[in-house]
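Structure, as C-alpha cells:
2 protein chains.
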Amino acid sequence: MTTQSDSTIEITAFNWVPPFAAGLVRDLRVRWALEEAGLSYRARLLDVGSERPADYYREQPFGQVPCYREGDLRLFETGAIVQHIGEKDERLLPRDPVGRARAIQWSYAALNSVEPALQNLTLIDVFYADQEWAKLRRPGAADFARLKLQRVADWLGDSEWLEDRFTIGDLMMVTVLRILRHTELVGERRNLAGYLARGEARPAFQRALAAQLRDFENRDAA
Amino acid sequence: MTTQSDSTIEITAFNWVPPFAAGLVRDLRVRWALEEAGLSYRARLLDVGSERPADYYREQPFGQVPCYREGDLRLFETGAIVQHIGEKDERLLPRDPVGRARAIQWSYAALNSVEPALQNLTLIDVFYADQEWAKLRRPGAADFARLKLQRVADWLGDSEWLEDRFTIGDLMMVTVLRILRHTELVGERRNLAGYLARGEARPAFQRALAAQLRDFENRDAA
Numbered sequence: 003m004t005t006q007s008d009s010t011i012e013i014t015a016f017n018w019v020p021p022f023a024a025g026l027v028r029d030l031r032v033r034w035a036l037e038e039a040g041l042s043y044r045a046r047l048l049d050v051g052s053e054r055p056a057d058y059y060r061e062q063p064f065g066q067v068p069c070y071r072e073g074d075l076r077l078f079e080t081g082a083i084v085q086h087i088g089e090k091d092e093r094l095l096p097r098d099p100v101g102r103a104r105a106i107q108w109s110y111a112a113l114n115s116v117e118p119a120l121q122n123l124t125l126i127d128v129f130y131a132d133q134e135w136a137k138l139r140r141p142g143a144a145d146f147a148r149l150k151l152q153r154v155a156d157w158l159g160d161s162e163w164l165e166d167r168f169t170i171g172d173l174m175m176v177t178v179l180r181i182l183r184h185t186e187l188v189g190e191r192r193n194l195a196g197y198l199a200r201g202e203a204r205p206a207f208q209r210a211l212a213a214q215l216r217d218f219e220n221r222d223a224a
Numbered sequence: 003m004t005t006q007s008d009s010t011i012e013i014t015a016f017n018w019v020p021p022f023a024a025g026l027v028r029d030l031r032v033r034w035a036l037e038e039a040g041l042s043y044r045a046r047l048l049d050v051g052s053e054r055p056a057d058y059y060r061e062q063p064f065g066q067v068p069c070y071r072e073g074d075l076r077l078f079e080t081g082a083i084v085q086h087i088g089e090k091d092e093r094l095l096p097r098d099p100v101g102r103a104r105a106i107q108w109s110y111a112a113l114n115s116v117e118p119a120l121q122n123l124t125l126i127d128v129f130y131a132d133q134e135w136a137k138l139r140r141p142g143a144a145d146f147a148r149l150k151l152q153r154v155a156d157w158l159g160d161s162e163w164l165e166d167r168f169t170i171g172d173l174m175m176v177t178v179l180r181i182l183r184h185t186e187l188v189g190e191r192r193n194l195a196g197y198l199a200r201g202e203a204r205p206a207f208q209r210a211l212a213a214q215l216r217d218f219e220n221r222d223a224a
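Chains as they are written, first to last, in this note's numbering: chain V, 3 to 224; chain L, 3 to 224.
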C-alpha cells in the first residue's frame with residue numbers, strides 16, 4: 003500500500019529532516035498503523051525549517067506532525083490517531099473488551115511511562131551535548147532511561163509481544179524504543195533488542211519507514 | 003459517592019505521601035473520573051516508602067499507582083483507566099465518533115505533549131534543586147514548560163473547555179496543569195488559570211481530592 007494522491011485519509015509530515023531524525027519523525031507511527039490496516043493515505047508535506055502557517059496551530063496546537071484528516075475528523079497526537087486506526091481493524095486493536103483495554107493501556111504506557119525518559123536522554127545527546135548542565139546530567143538521565151527499559155524488559159520476559167498478540171501498544175512501544183538508536187541501551191537487554199527487531203521486521207513497518215524516507219528524498223532530488 | 007469496601011472496582015493508592023505530592027498522586031485522576039461517573043470504588047493502599055511486593059510489578063510494570071481492577075480487567079496507566087471509565091458514561095466521553103476521538107486526543111496530548119515538560123521542571127524544583135546541573139538547566143526547562151502552556155492557552159482562547167464540552171481530555175489536562183502548583187506559570191495566563199479553576203471547582207474533583215487526602219490522614223491518625 004503506497005501513498006495515493008486521491009486517498010480520503012491525509013496526514014501531515016515533513017519534506018525533509020536532519021539525518022538524526024530521519025526514520026524517527028512521528029508520522030512513522032501513523033504510516034505504520036495505516037500499512038498494518040491496509041489503508042491508503044496521502045501525505046501533506048511541511049517544511050521543518052519554516053514557520054508553520056498560522057492556521058496550522060488550529061489543526062495541531064503544538065505545531066508538530068502528524069495531523070490526520072479523514073472526512074469530518076481532524077486529529078493530532080499519534081496515540082489518538084493510531085488508536086483511531088485501530089478501531090477500524092482488529093489486527094491492531096482486539097475486539098474483546100479486556101484485550102482492547104490492555105492494548106490501549108500499552109499505547110499510553112509507551113507515551114507516558116517510557117518515552118519521556120528516553121526522549122530526555124536523546125535531547126541531551128542531540129541538542130545539548132556541549133552544554134555544562136547536559137554533561138553533568140547525562141549519567142542520571144541514562145540511568146533513568148535504563149530503569150524504564152528494564153521495567154519493560156522484565157514485563158516482556160520471553161514473550162513475543164507485550165500482551166498475547168501484536169497490538170497498537172507494541173506499535174507505539176517499538177517506535178518509542180527506536181528513539182535510543184544512537185545508544186546501546188536497548189541492545190544491552192537481549193529480549194528487548196529482539197522485541198524491537200521483531201517490530202521493525204514487520205512488512206508494514208518497513209513500508210512505512212520507506213515512505214517517510216522517500217518523502218525526504220523527493221526534496222533532495224528537487 | 004464515597005469509597006465503599008464492597009465495591010467491584012478497586013484502585014491502588016498510597017497510604018501517605020510527602021506534602022509536595024499530596025493532592026497530585028495520579029490515583030486522583032481515576033478517583034475523579036469515577037466520581038464524575040457516579041461509580042463507587044475501594045482503595046488498596048500501598049506504603050510509598052516500602053519496596054513494592056514483587057508481584058505488584060505484574061500489575062503495574064513501573065511500580066507506580068494507580069492500578070485498576072474490575073472483574074477480569076486489570077489496567078494501569080491513568081490515561082487508559084480514565085478512558086475505560088469514560089466508555090461507561092458519555093458525560094466523560096462523547097458517543098459521537100468525532101467528539102469521542104477528539105476527547106481521546108486531548109487525553110493523549112495532556113500526557114505526551116504537555117506533562118513531560120511540566121514534570122521535568124517540577125523534578126528539577128523538588129528533587130534536584132541543589133544540584134549544579136539543575137541550577138543551570140532550570141531557566142531552559144521553565145521556558146519549555148511556558149511554551150507548552152502557551153500552546154494550550156492559545157488553543158483554549160475564551161472557551162470553557164478544550165472542545166465544546168467537558169471530557170476526559172479536560173480531566174487529564176487539568177490534573178497535568180496542577181503539577182505546576184508550586185510555580186506561577188499557569189497563573190501567568192489568565193485563561194489557563196480560569197480553566198484550571200473551573201476543573202478544580204467541579205464537585206466530582208473536590209470529592210476525589212478529599213478522598214485521596216483522607217487516605218493519608220488515616221495513616222497519620224493510626
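Backbone N, C-alpha and C fix where the C-beta goes; we use that ideal spot for every residue, glycine too.
Entirely within the region 103-178 of chain L and at least 4 residues each: give me those alpha helix (DSSP H) ranges in chain order. 117-128 and 134-158
Could you tell me which chain V residues have their CB closer than 7 Å to the CB of L/I106, listed as they occur along the chain? Result: A82 and Q85.
Residue range of the alpha helix (DSSP H) that includes V/E38: Segment D29 to E38, the alpha helix (DSSP H) holding V/E38.
Put V/F16 into one of helix, strand or coil per three-state DSSP. strand
For V/E219, I'd like the list of residues in its chain whose CB is within less than 8 Å of its CB, leaving aside the five on either flank, ordered along the chain. none
In chain order, what are the residue ranges of uninterrupted alpha helix (DSSP H) at least 4 long that sit wholly in the region 178-207 of chain L? 192-202
Please check the pair L/L41 and L/D217, which I expect to be a contact at CB under 8 Å, by giving their CB distance rounded to whole angstroms. Actually they are not in contact, since the Cβ atoms of L/L41 and L/D217 sit about 18 Å apart, beyond 8 Å.
Going by CA-CA distance only, name the one from L/F146, L/P21, L/D172 and L/S7 that's closest to L/H184. L/P21
According to DSSP, simplified to helix, strand and coil, what is V/Y58? helix
Compute every distance between the C-beta of V/G81 and the non-hydrogen atoms of the ligand ADP, then say whether any falls below 7 Å. Absent from the structure shown: the ligand ADP. Ligands present: none.
Return the chain-ordered list of same chain residues with a C-beta closer than 8 Å to the C-beta of V/G189, the five sequence neighbours on each side being excluded. A195
Distance CB(V/A39)-CB(V/L94) smaller than 8 Å: yes
Quick one: what's got a C-beta closer than 7 Å to L/R139's C-beta in the same chain, skipping five residues either side? I126
Determine the direct distance from the alpha carbon of V/A131 to that of V/L187, and round the result to whole angstroms. When rounded, the distance between both Cα atoms is 18 Å.
Would you call L/F129 buried or exposed, if buried means 16 or more other Cβ atoms sit within 10 Å of its Cβ? Exposed.
Backbone secondary structure at V/F78 - three-state DSSP: strand
Locate the beta strand (DSSP E) running through L/Y43, then write down its first and last residues. That residue, L/Y43, is in no beta strand (DSSP E); it is neither H nor E in DSSP.
List the residues of chain L whose Cβ lies closer than 7 Å to the Cβ of V/E134, in chain order. L138
Give me the residue from V/I13, V/L173 and V/F207 with the minimum Cα distance to V/E37. V/F207
Closest Cβ-Cβ distance between L/W225 and chain V: below 8 Å? Any answer about residue 225 of chain L is impossible in this case: the structure gives chain L only from 3 up to 224.
Proximity below 8 Å, CB of L/T14 to CB of L/V67: yes
Cutting at 8 Å between CB atoms, please list the residues of its own chain near V/N193, excluding the five before and the five after it. A155, L158, G159 and D160
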